[in-house]
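What follows is a set of notes on a single structure, which appears directly below.
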Amino acid sequence: VQLQASGGGLVQAGGSLRLSCAASVRIFRFNDMGWYRQAPGKQRELVAAMTTGGTTNHADSVKGRFTISRDNTKNMLYLQMNNLKPEDTAVYYCKIGDLYGINYWGKGTLVTVSS
Numbered sequence: 341v342q343l344q345a346s347g348g349g350l351v352q353a354g355g356s357l358r359l360s361c362a363a364s365v366r367i368f369r370f371n372d373m374g375w376y377r378q379a380p381g382k383q384r385e386l387v388a389a390m391t392t393g394g395t396t397n398h399a400d401s402v403k404g405r406f407t408i409s410r411d412n413t414k415n416m417l418y419l420q421m422n423n424l425k426p427e428d429t430a431v432y433y434c435k436i437g438d439l440y441g442i443n444y445w446g447k448g449t450l451v452t453v454s455s
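Numbered per the working numbering, the sequence shown spans residues 341 to 455.
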């Protein structure tokens with residue numbers, strides 16, 4: 341299983357970015373999918389998650405601003421990020437997990453939000 345995250349970059353506060361995660365497998369088979377981020381000097385944290393049934397969960401810090409979605413036909417996972425804030429600056433990772441509890445991670449894409 342390989343995951344490739346893309347779409348990061350430098351954006352001003354208040355701007356938007358859409359992150360994409362391309363999977364080498366059919367993602368509908370997987371139990372859960374999500375986006376995580378890790379800021380410098382901090383632990384990796386969950387940003388948003390989605391189950392195979394479509395139930396979503398967003399961290400309180402991004403609720404109302406970020407939206408996770410997926411396209412099973414393209415084996416893609418997305419994170420739409422609006423109204424970005426400097427504290428959103430981090431490396432963003434996509435993850436998918438199978439029914440056996442094995443997680444697969446992408447390499448990450450850097451998002452930098454300037455004030």
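In this text, a Cβ means the ideal position worked out from N, Cα and C, and glycines have one as well.
DSSP, read as helix, strand or coil, puts F406 in strand. The Cβ-Cβ distance between R377 and Y432 falls below 7 Å. In chain order, A353, V453, S454, S455 place their CB closer than 8 Å to the CB of P426, counting only its own chain and leaving out the 5 sequence neighbours on each side. DSSP links N397 through a beta bridge to A389. Within a 10 Å sphere around the beta-carbon of T413 sit fewer than 16 other beta-carbons, which makes this residue exposed. Cβ-Cβ separation between Q344 and G446: approximately 6 Å, consistent with a contact (criterion under 8 Å).
With a cutoff of 7 Å on beta-carbon distance, A362 and M416 are scored as near each other. In this structure, the straight-line span from the alpha carbon of T391 to that of S401 is close to 20 Å. Around D438, the same chain offers F370, N371 as residues with beta carbons nearer than 7 Å, after the five sequence neighbours per side are excluded.
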